[in-house]
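Participant:
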């Protein structure tokens, strides 16, 4: 009953959410390099309404909130709605199957999904989708997606396009693994486990890290841009859902990879999106 009460409250709250959030503050600073003017909305792409969703039946509860400002980017809005519609359809199908004779009987299935702005500049617009879908079991399945939109060309940027070479993914994989292993060691040290238990935990978690960060763009499909002072990108924050690089209890994990690591491996057409690495004193004196 507590779970049902909470889910109903969530549905009511989502229904009250604003349909559109104000545009985020500019990521540029005074004196920054001039940016290309924002692209005009593409009149050839039909506008997509992003209406919040609040549904409650005896079999399922759904709450979807669009806390984004995508009116200028109908193509991006269509991608967000497609992702949400697919998640909603899958949950409803699962609920229908449960309602059939012989199906499971338990608390209502539920879907909670929120879209939020990550960045908006003339060159890059990014949106995060976070939530979960519960169809039985101990906990819900995470719903995590990232959408990086290029307004000037009207398309999504994918990890495979961004870094086209295998050598680049080897460098990124090595860097990310190093950061994740270091974070794992810190967490285990904080738990003060007995030596044998610590060794087992580190062994299992390390295997998950290595398996989930193969030098393949598919393992790095979720990423979001990090803003530099001049409005370009200081690097990328790679996002790993629960179970990819650790147990469910570790939650979503992220690793920030700076532009200086990425730039040698970025496809030439996207290098201007990134801020040039700052020279250190030794380099500057040459």
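Residue numbers (mature numbering (1 follows the signal peptide of the UniProt record, and there is no 0)): -15 to -1, 1 to 271. Even for Gly, the Cβ is constructed at its ideal location relative to N, Cα and C. All of these numbers come straight from a predicted model, not from anything done at the bench.
1) Should residue 197 be labelled buried (16 or more other beta-carbon atoms within 10 Å of its own) or exposed?
2) Less than 8 Å between the C-beta atoms of residue 102 and residue 109, yes or no?
3) Pick from 179, 165, 203, 152: whose alpha carbon is nearest that of residue 230?
4) Three or more C-beta pairs under 8 Å: does that hold for the segment 138 to 145 against the segment 73 to 80?
5) Rounded to a whole number of angstroms, what is the C-alpha to C-alpha distance between residue 219 and residue 242?
6) So, are the CB atoms of residue 58 and residue 136 less than 8 Å apart?
7) Measuring CA to CA, which of 38, 130, 94 is closest to residue 207?
8) Quick one: grab the DSSP three-state call for residue 116.
9) Quick check: residue 148 and residue 251, are their CB atoms within less than 8 Å of each other?
10) Is there contact here, the segment 178 to 196 with the segment 152 to 169, by at least three beta-carbon pairs under 8 Å?
11) Is the beta carbon of residue 201 less than 8 Å from the beta carbon of residue 154?
12) From residue 260 to residue 104, what does the alpha carbon distance come to, in whole angstroms?
13) Let me know if residue 269 comes out buried or exposed under the rule of 16 or more other beta-carbons within 10 Å of its beta-carbon.
14) Out of 50, 37, 160, 93, which has the shortest C-alpha to C-alpha gap to residue 289?
15) May I ask you to report which of helix, strand or coil DSSP gives residue 153?
16) Could you give the DSSP three-state label for residue 171: helix, strand or coil?
17) Among all the DSSP beta bridges, which residues are the ones paired with residue 104?
18) Which stretch, first to last residue, makes up the alpha helix (DSSP H) that contains residue 212?
19) Give the straight-line distance between the Cα atoms of residue 254 and residue 133, rounded to the nearest whole angstrom.
20) Got a sec? Which residues, its chain only, sit under 8 Å from residue 209 by beta carbon, not counting five neighbours each side?
21) I'd like to know whether the C-beta atoms of residue 120 and residue 79 end up nearer to each other than 8 Å.
22) Considering only the beta carbon of each residue, do residue 226 and residue 127 sit closer than 8 Å?
23) What did DSSP end up calling residue 138 once you bin it into helix, strand or coil?
24) On the CB-based measure, 16 or more other CB atoms within 10 Å of its CB, does residue 97 come out buried or exposed?
25) CB-CB under 7 Å to residue 173, same chain, minus the five flanking residues each way: which ones, in chain order?
26) Can you check which of these residues, 238, 70, 257, 234, is closest to residue 272 by C-alpha distance?
27) Grab the span of the beta strand (DSSP E) containing residue 220 for me, first residue to last.
28) For residue 246 and residue 156, which I take to be in contact (beta-carbon distance under 8 Å), what is that distance rounded to the nearest angstrom?
29) Alpha carbon to alpha carbon, what distance is there between residue 55 and residue 45?
30) DSSP on residue 229, reduced to helix/strand/coil?
31) Report all residues from its chain with a CB closer than 8 Å to the CB of residue 191; omit the five preceding and five following residues, and keep chain order.
Facilitator: So, from the data block:
1) In the chain shown, counting from the first residue as 1, residue 197 sits at position 212. Classification of residue 197: buried, given that the 10 Å Cβ count is 16 or more.
2) Taking the first residue of the chain shown as 1, we reach residue 102 at position 117. Taking the first residue of the chain shown as 1, we reach residue 109 at position 124. The answer is no: Cβ separation not under 8 Å.
3) Working through the chain shown from its first residue, we reach residue 230 at position 245. When each option's Cα is compared against that of residue 230, the closest is 165.
4) no
5) Taking the chain shown and counting its residues from 1, the one referred to as residue 219 is at position 234. Taking the chain shown and counting its residues from 1, the one referred to as residue 242 is at position 257. The alpha-carbon atoms of residue 219 and residue 242 are separated by roughly 9 Å.
6) Against the chain shown, residue 58 aligns to sequence position 73. Against the chain shown, residue 136 aligns to sequence position 151. Yes, Cβ-Cβ distance for residue 58 and residue 136 is below 8 Å.
7) In the chain shown, the residue the question calls residue 207 occupies position 222. The shortest Cα separation from residue 207 among 38, 130, 94 belongs to 130.
8) Here residue 116 is taken as the residue at index 131 of the chain shown, counted from 1. The answer is strand: DSSP assigns residue 116 an E or B state.
9) Stepping through the chain shown from its first residue, residue 148 is reached at position 163. Stepping through the chain shown from its first residue, residue 251 is reached at position 266. Going by C-beta atoms, residue 148 is nearer than 8 Å to residue 251.
10) yes
11) For this step, residue 201 is matched to residue 216 along the chain shown. For this step, residue 154 is matched to residue 169 along the chain shown. Going by C-beta atoms, residue 201 is nearer than 8 Å to residue 154.
12) Your numbering for residue 260 matches position 275 in the chain shown. Your numbering for residue 104 matches position 119 in the chain shown. Roughly 15 Å separates the two Cα atoms.
13) Stepping through the chain shown from its first residue, residue 269 is reached at position 284. Only weak support exists for where residue 269 lies, its pLDDT of 44 falling under 50; the coordinates are left without a value.
14) The shown model of the chain, from -15 to 271, leaves out residue 289, and the question about it has no answer.
15) Reading the chain shown from its first residue, position 168 is the one you call residue 153. Correct three-state label for residue 153: helix.
16) As a working mapping, residue 171 is identified with position 186 in the chain shown. Helix.
17) If you number the chain shown from 1, residue 104 lands on position 119. DSSP, once it has assigned bridges, lists 111 as partnering residue 104.
18) What you label residue 212 is simply residue 227 of the chain shown in a count that begins at 1. Note, residue 212: premise wrong, no alpha helix (DSSP H); beta strand (DSSP E) at 208 to 212.
19) If you number the chain shown from 1, residue 254 lands on position 269. If you number the chain shown from 1, residue 133 lands on position 148. Taking the straight line joining both Cα atoms gives about 15 Å.
20) As a working note, residue 209 is residue 224 in the chain shown. Same-chain partners within the cutoff: 103, 104, 111, 113, 131, 133, 221, 222, 224.
21) Taking the chain shown and counting its residues from 1, the one referred to as residue 120 is at position 135. Taking the chain shown and counting its residues from 1, the one referred to as residue 79 is at position 94. Yes, Cβ-Cβ distance for residue 120 and residue 79 is below 8 Å.
22) Your numbering for residue 226 matches position 241 in the chain shown. Your numbering for residue 127 matches position 142 in the chain shown. Result yes, Cβ atoms of residue 226 and residue 127 sit closer than 8 Å.
23) As a working mapping, residue 138 is identified with position 153 in the chain shown. If DSSP states are grouped into helix, strand and coil, residue 138 belongs with coil.
24) As a first step, residue 97 is located in the chain shown; it is residue number 112 there, counting from the start. With 16 or more other Cβ atoms within 10 Å, it is buried.
25) For the purposes of this step, residue 173 is identified with residue 188 of the chain shown, where counting begins at 1. Closer than 7 Å at the Cβ level, and outside the excluded window around residue 173, lie 183, 186, 187.
26) Since the first residue shown for the chain is -15 and the last is 271, residue 272 is missing from the structure and cannot be characterised.
27) Taking the chain shown and counting its residues from 1, the one referred to as residue 220 is at position 235. Start and end: 218 to 225.
28) Indexing the chain shown from 1 puts residue 246 at position 261. Indexing the chain shown from 1 puts residue 156 at position 171. About 7 Å; that satisfies the 8 Å criterion.
29) Residue numbering aside, residue 45 sits at position 60 when the chain shown is read from its first letter. Residue numbering aside, residue 55 sits at position 70 when the chain shown is read from its first letter. Whole-angstrom Cα-Cα distance: 29 Å.
30) Translated into positions along the chain shown, residue 229 becomes position 244. Three-state DSSP puts residue 229 in coil, outside helix and strand.
31) Along the chain shown, one-based indexing puts residue 191 at 206. The residues are 166, 169.
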